[in-house]
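A short write-up of the structure that comes next.
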Amino acid sequence: MIEVKQLVKKYGEMTAVKGISFSAAQGVNGFLGPNGAGKTTTMRVLTGYTPPTSGTATVAGFDVFEQSYEVRRHVGYLPENVPLYRDLTALEYLAYLAEIRGLPKRREQSLAALERVGLAQRAHSRIRTLSKGMRQRVGLAAAILHKPSVLILDEPTIGLDPLQVLELRKLIVELGKECTVLFSTHILSEAEQVCDRLIIINQGEIVSEGTPSELRRQLERGGRILVRSQAASDALAAALRDVEGVALIQPYDDGVIVTPQPAAPDLRPAIAARLVSAALPLVELRPLAVNLEDIFIELVRTQNVTPTMIEEEVSA
Amino acid sequence: MRAFWAVYKRETAQFFRSNIAYAIAFGMLLFLGLLFASNVYGGVQANLSGFVSQPITADQVALSTLGVLTFLMFIIAPLLTMRLLAEENREGTLEVLMTLPMSDAAFVLGKYFAAWTFYTVLLLLTVVFVLLLSTIGAPDPGLTITAYVGAWLYGGATLALSLIWSAVTEDQIVAAFLGAATVIMMFLAGDLAQILATREGLTGASEFIRTLSLPAHYQDTMLVGVLRGEDIAYFVLLTIFALFLTTLIVGSRRWRAT
């Protein structure tokens, strides 16, 4: 269970996280955003590595600042670059962490964790001799070693080959049945497959959150619309120009892309009605975003596009 | 406590596996060995010639070994401690450790005592010189033991001082240089005090600086067989102060500006 309220994190003059609030319950929670969006910073706050500048965050019922030690007991964390001691074997490394954590039966627990990530047969290999994918799994084993109630994984699938990515995703889904998993990624198809809930973050602010299907519905209201007709694009653009709520019309292939103004209602009925009244033969009318990848781009784009920018685009 | 032991055991094992630790041990023993040989040879020659009224004694040879060793701590201590915290910081493993349920003190102390353990082994290796001397002479046991206890504490304090810089920077070389500068300044403060003592009106300042300096509590006292509680207290307090500072620096990443 993770509860974040008005969390702000500043590094000097730079504000990395600008007052975000969200909560995450048991299951797989995807933390999505482009690079530099504030994902890692937020995760570092949640693991007690760095304190928030203001706002609060509770993890497993403990405040990350006031009860950092308790938080650290209940959280498993896999940092983005998977730091490991390369001179140790996988088993030695886990046993070392288990000893610091004061776990009973360190060897058995460590082996069980390696078993879980499918690395038991390499338990006695030095970490420096392991492949990138295997190291990632050692890091994950270290994060789940103490059976944490909250598991925080920072871009765990980055740099893995497709087969390893599939295996890791399967494991994340399994782990989501036991604990609260918050995992960050900028690969949207991944989030769509794995996550029960998504939190989309950009430039330190939460852009949207919900289940993958909720997000898709939400976007079908405000996103760009592809209109194709048997008529020429020019005629199409001319007909649609003064439909209420249209911000921008761009030619696209044999049709046009209509960009609604921010907070405009679903334009599709209005567009359909206009085309019918203008006697232009309609071939296709659909949201441009068809998968999460596009939804993400749309969300990030609509957040960044201000009315003045749209005007500039129109005049250009 | 369990976290301290875990860190201590791992770091100690690291020392005995690391090339640089053996290189330091080799360099130190080679240098001290040559020095020892020339001291003994010189002493023997002087005694044979009969011109020297007071021949060099076995004690003096042992003490010159420890004198040089403690002087060299400005190089040895930073080389032993530079890696301890800076490497964890650079490699990112610090991020893992800092998100484990472990106190900052347990982490710092585990690292520190591992370095001190390695130093203790280095120091014990020099006992071979005392054993060699006892075959050709009779070193004063009281004086020798006092000098060794002092060298042990002296090493502990200089290791703690250099460890501070390993927490400050993630660059090992920078940590080593700053550590060396700190220790050598604490050493040379004794000479500065002597210079100031000759100036009028500065005797108070001179005495103050001398009291803070390393030689005033070892080279001038324990190394020549004077065992005083205040010297032991000086090294213990200096060590505690430096470790406390290091712990604060490591923990400061969890501080919140208000």
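If you're matching them up, the sequences are chains V and F in order.
Start counting the first sequence at -11; every next residue gets the next number (this note's numbering).
Start counting the second sequence at 10; every next residue gets the next number (this note's numbering).
No residue lacks a Cβ here, since even glycine has one placed at the ideal position from N, Cα and C.
By the neighbour-count criterion, in which 16 or more other beta carbons inside 10 Å mark a residue as buried, V52 of chain V falls on the buried side. Contacts with chain V (Cβ-Cβ distance below 9 Å) from the segment 73 to 106 of chain F involve E97, E100, G101, T102, L103, E104, V105 and L106, listed in chain order. At a cut-off of 7 Å between beta carbons, T108 of chain F contacts chain V. Annotation for V264 of chain V: no beta strand (DSSP E) segment contains it, though the alpha helix (DSSP H) segment containing it runs R256 to S265.
Counting only the Cα atoms, K120 of chain F lies some 28 Å from D142 of chain V. The three-state secondary structure of F45 of chain F, taken from DSSP, is helix. Look at D240 of chain F here: in three-state DSSP terms it is helix. Going by beta carbons, R125 of chain V and V138 of chain V fall outside the 7 Å limit. Taking all protein chains in view, the Cβ of G192 of chain V is crowded by 16 or more other Cβ atoms within 10 Å, so the residue is classified as buried. In this structure, R99 of chain F lies near E179 of chain F, with their beta-carbon atoms less than 7 Å apart. Contact annotation for L85 of chain V against chain F: V105 and L109 [CB-CB distance below 8 Å, chain order].
Sixteen is the threshold: since fewer than 16 other Cβ atoms of the shown chains lie within 10 Å of the Cβ of G210 of chain F, the residue is exposed. Segment contact: the segment 181 to 196 of chain V against the segment 31 to 42 of chain V, fewer than three CB-CB distances shorter than 8 Å; contact not assigned.
Identification of residues in the segment 118 to 150 of chain V having a C-beta nearer than 8 Å to some C-beta of chain F yields A130, given in sequence order.
Here G233 of chain V is not near L214 of chain V, since their CB atoms are 7 Å or more apart. In terms of Cβ geometry, I237 of chain V and V231 of chain V do not form a close pair [threshold 7 Å].
Residue state for S201 of chain V is assigned as helix, using DSSP reduced to three classes. Proximity of the segment 223 to 238 of chain F to the segment 139 to 146 of chain F falls short of the contact definition, fewer than three beta-carbon pairs being nearer than 8 Å.
Remark: three or more beta-carbon pairs, one from each stretch, lie closer than 8 Å, so the segment 165 to 177 of chain F and the segment 81 to 91 of chain F are flagged as touching. Minimum Cα-Cα distance from L20 of chain V among the listed residues V:A45, V:E155 and V:R185 corresponds to V:R185.
DSSP, reduced to helix, strand and coil, places L81 of chain F outside both helices and strands of the structure shown, so it counts as coil. The Cβ-Cβ distance between V59 of chain V and V169 of chain V does not fall below 7 Å.
CA-CA distance, R216 of chain V to V271 of chain V, rounds to 5 Å. Linking Y31 of chain F to A202 of chain F through their CA atoms gives a straight-line distance of about 36 Å.
In the DSSP assignment, Q(-6) of chain V falls within the beta strand (DSSP E) that extends over I(-10) to Y(-1). Around the Cβ of E162 of chain V, a 10 Å sphere holds fewer than 16 other Cβ atoms; the residue is exposed. Per DSSP, the continuous alpha helix (DSSP H) segment holding Y157 of chain F begins and ends at P150 to V177.
By the Cβ-count criterion, Q97 of chain V is buried, with 16 or more other Cβ atoms from all chains shown falling within 10 Å of its own Cβ. About 25 Å separates the Cβ atoms of A115 of chain F and V192 of chain F, ruling out a contact at the 8 Å cut-off. Straight across, the Cα-Cα distance linking L99 of chain V with M107 of chain F is about 23 Å.
Along the length of the segment 51 to 87 of chain V, whole alpha helix (DSSP H) runs at least 4 residues long occupy 56 to 62, reported in chain order. When secondary structure is reduced to three states using DSSP, R229 of chain V falls in the coil class, being assigned neither helix nor strand. Residues of chain F whose Cβ lies closer than 9 Å to the Cβ of Y57 of chain V are, in chain order, P110, M111 and S112. Interface flag for N69 of chain V against chain F is set, since a Cβ pair is found closer than 7 Å.
D200 of chain F sits in a helix when the DSSP states are folded into three classes. A straight line joining the alpha-carbon of F171 of chain V with that of V264 of chain V spans about 47 Å.
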